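Take 1381 as the starting number for the sequence shown in the working numbering and just add one per residue. What follows is a single structure, written as C-alpha cells, with notes after it.
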Amino acid sequence: GGNRMETYQNMAETIRHTRMHGEDLATNLEFHYGLVNWFIGQNINARPTTRFIVPYLTAVGELKAQANNIDLEYAYRQISKQLLAGTDGEAASALGHTLQLKESLLLRPLKILLAEPHTLSGWLSINRDSYTVIDGKISWNENPVELLGDTYHFLNMDYLTEEKHSAASMIWDHDNDILQEALGFYDELNNRMDCGDWIELQSALEADEPPAGFDSGLWQQVRSAHLGFQAGCDILAVLPSIAEATGYYELNVNPDLTIHIPDRLNDADLQQAMAKVLVPPPVAKSDEILAESGGMFYPRETPESEVYVAEGDHFNAGDPLFIIEVMKMFNKVYAPFSGTVDEVLVKEDGVIIKKGQPIFKIAPDEKIVVESPEEVAARRQEVTERFLNKL
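Listed below in C-alpha cells is the structure:
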C-alpha cells in the first residue's frame, strides 16, 4: 500500500478473500482477520508489546462466552411479536410476511459472527462508531440496512453470479433481492433529500408533512417502505450489546500509542477460562477422560518410568495422566477433577490418538451435573431478554 493504513486494509482484504478447504483443517486465519481489523479500528500506529496478545485473546473469549448465551431465533421472535403488537388487520398481515421474509437475511450473518469470535472482534472494531448508547439502549448512527450490506461484504458473502460458489458461502439469492431493493431505496432517498447523515434522515422520515419534491401520497409510500425495510433490523443490535456487556472496548490504544489493558484481562484465572471458551475441550461423558488433541500417546514420563495411572488407581485434580506429543512438543495432560480409573482404553505406548478419543473410563469422586437442554434454553433466553431490554 501507499501508506500504513492502505497496507493494513490490503492485508484485511487478502484475508477476507482467502478460502481454505481440507479434511480436519484448522488455521488461525480468523484470528489474523480479527486482529488486523482491530488495529484498523483502533490505531494502525499502535505499538503493542508481547503482553498484548493474551489479554486480547481473553477479551475475544469474553465475546464468545456472551455470544454463546444469545438465542437469536428467540430474540427475533420477540422483536417480531413486539412489532406486530402495534398493528392489526391487513397491516399486521403484511408486516408479519415481511418479517418472515427477512429472517434469514438478518440472522445468517449474525449466526456466523456469534459462532466465530475473532471475526466478531474485527467487525466490532471497525464498526465502533456506528452506534451510540443512549440511556442504556443501542442507537444507530448508521443505517442498519447499509450496515447489514457491509456485514455480508465483511464476511465475504457477497452475491456472485459469475463465479461458482456454494449457497452456504454467500448471501442467498432471495435475501440478496430484498437487500438490494432496500439499498437502492435508500440510495435514491439520499439523492433526493438533503440530509447529512442517518440520524437526520430518520428525523425527516418521522414527519407527516412531505419535504420539497414529494407530494403527500408519495411521501406516505416512502415512509411505509422505510418502515418495512427497517422492520426486524433491531436484531443487529445484538452485536454491539455483546461488546458493551463484556467491556470489549476498554482494551484500546492510548494517545502515546501504547495499549491500555484493563486489569481484569491480566487475571490468570480469567485468561485460562477464556482460553477454554475459545478452544473448548472435547465434550466428554461424565465417566470418561478424552484426548484434548491428536498426537502420539505416552502413558508415562520416560520409557523406564511407571505409567502415571493404571486401572484401579485414584487420581486428584491436577495430577498428570498422560502425555501427547505433537511435532516434538511433549504436552502433559492433567486431571480436570478427582476420580478413580475404571479402565485404561489406550494401553500401548507411542500410538497415534485423535482429538476427542476416550483414554480412560473413570468414576469421578463427585457426580458431574450436566445441564439439561431445557436448562440451557432457559439460561439463554434469560440472557437474551436482557439484550432485548437494550433495544
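We put the beta carbon where it would ideally sit given N, CA and C, even for glycine. Here the structure is a predicted model, which is why all the values come from computation and not from measurement.
TODO: Output the residue ranges of the alpha helix (DSSP H) runs that lie fully inside the region 1498-1573 and measure 4 residues or longer, sorted by chain position.
DONE: Within the region 1498-1573, the complete alpha helix (DSSP H) runs of at least 4 residues fall at 1524-1534 and 1553-1572.
Open item on the list: Which of the three DSSP states is assigned to Thr-1682 in this structure?
Closed with: Here Thr-1682 sits in coil by DSSP.
Task: Alpha carbon of Glu-1751 to alpha carbon of Cys-1575, nearest angstrom - done: Straight across, the Cα-Cα distance linking Glu-1751 with Cys-1575 is about 52 Å.
TODO: Confirm, please, whether the CB-CB distance from Gly-1421 to Val-1440 is below 9 Å.
DONE: 9 Å or more divides the Cβ of Val-1440 from the Cβ of Gly-1421.
TODO: Report, in whole angstroms, the separation of the C-beta atoms of Lys-1482 and Gly-1612, which I expect to be a contact under 8 Å.
DONE: 5 Å between Cβ atoms; contact.
Open item on the list: Among Val-1659, Arg-1427, His-1694 and Leu-1504, whose alpha-carbon lies nearest the alpha-carbon of Asp-1745?
Closed with: Of Val-1659, Arg-1427, His-1694 and Leu-1504, the residue nearest in Cα terms is His-1694.
Task: Cβ neighbour criterion (16 or more within 10 Å) applied to Lys-1747 - done: Looking at its Cβ environment, which holds fewer than 16 other Cβ atoms inside 10 Å, Lys-1747 is exposed.
Open item on the list: So if DSSP puts His-1640 in a beta bridge, which residue, or which two residues, is it bridged to?
Closed with: According to the DSSP secondary-structure assignment, His-1640 is paired through a beta bridge with Asn-1632.
Open item on the list: Pairs of beta-carbons, one from the region 1623-1632 and one from the region 1427-1443, closer than 8 Å: are there three or more?
Closed with: They touch, by the three-pair rule.
TODO: Using 10 angstroms around the beta-carbon of Pro-1679, count the other beta-carbons present and answer buried if the total reaches 16, otherwise exposed.
DONE: Per the 10 Å Cβ criterion, buried.
- [ ] Label Gly-1593 either buried or exposed according to how many other C-beta atoms from any shown protein chain fall within 10 Å of its C-beta, with 16 as the threshold for buried.
- [x] Counting C-beta atoms within 10 angstroms of its own C-beta, Gly-1593 has fewer than 16 neighbours from the protein chains shown and is therefore classed as exposed.
Task: Spatial neighbours of Ile-1703 in its chain, beta-carbon cut-off 6 Å, leaving aside the 5 residues before and after - done: Answer for Ile-1703: Tyr-1678, Phe-1710 and Lys-1712, listed in chain order.
TODO: Measure the beta-carbon distance from Thr-1499 to Leu-1493 and round it to whole angstroms, keeping in mind my assumption that it falls under 8 Å.
DONE: That pair is a contact at about 6 Å.
Open item on the list: Which of the three DSSP states is assigned to Ile-1742 in this structure?
Closed with: It is a strand residue.
Open item on the list: So, with DSSP's three-state summary, where would you put Pro-1700?
Closed with: It is a strand residue.
Task: Cβ neighbour criterion (16 or more within 10 Å) applied to Lys-1444 - done: Buried, since its Cβ has 16 or more Cβ neighbours within 10 Å.
TODO: Could you spell out the range, first to last residue, of the alpha helix (DSSP H) harbouring Val-1657?
DONE: Its alpha helix (DSSP H) spans residues 1648-1658.
TODO: Would you decide whether Met-1550 is buried or exposed? Buried here means 16 or more other CB atoms lie within 10 Å of its CB.
DONE: Taking every protein chain shown into account, the CB of Met-1550 has 16 or more other CB atoms within 10 angstroms, so this residue is buried.
Task: Supposed contact pair Met-1573 and Leu-1563 - C-beta distance, whole angstroms, cut 8 Å - done: Actually they do not touch by this definition, with Cβ atoms about 16 Å apart.
Open item on the list: Please classify Glu-1672 as buried or exposed, where buried requires at least 16 neighbouring CB atoms within 10 angstroms.
Closed with: Glu-1672 counts as buried, since at least 16 other C-beta atoms from the protein chains shown sit within 10 angstroms of its C-beta.
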